[in-house]
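Step one of this worksheet: look at the structure below.
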Amino acid sequence: MIRYLQSLDITPDRLILIAPPPIYEPSWERQCFTKVYLSDGLHLSDKGNEFLESKLWPILEQKLGALPFLLPYWMDVDNKNPEPSLFPNCTEKKEEKS
């Protein structure tokens, strides 16, 4: 997977990998993560989600925080007529053609 992404010229500093649980259960259980951070041995519990968020969010903020928004904030979209707020340039072109 990493090689494929690198073949698309995605550099390692732009990758964030979240690994699945380990295959060798006894080693994993010694770290006590299974009981606290996983709800069923595979899926994150509430505490596991909080832990992941606490580690992942700062990385996302650092890497993505300065990116511009491509679409408006969801509250700024008219749910009865979303096209003008989502695609303002397309709406203007339609009006010009009329």
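Oh and the sequence shown: position 68 is 68 in UniProt numbering, straight run, nothing missing. Ideal placement from N, C-alpha and C gives every residue a C-beta, glycine not left out. A quick note: this is a predicted structure, and the numbers were derived from the prediction, not measured.
Span of the alpha helix (DSSP H) around residue i
i: D46; result: D46 to L64
i: L5; result: I2 to S7
i: L86; result: E83 to L86
Pairwise C-alpha distance: residue j and residue i
i: D40; j: A19; result: 16 Å
i: L86; j: P68; result: 15 Å
i: L71; j: C90; result: 13 Å
i: A66; j: D13; result: 16 Å
i: K47; j: N79; result: 35 Å
i: S7; j: E61; result: 26 Å
Rounded distance between the beta-carbons of residue j and residue i, thought under 8 Å
i: S45; j: L38; result: 6 Å
i: residue 129; j: I59; result: No statement about residue 129 is possible, as the shown extent of the chain runs from 1 to 98 and does not include it.
Spatially closest choice to residue i from the options, by CA coordinates
i: E50; options: D13, P84 and V36; result: V36
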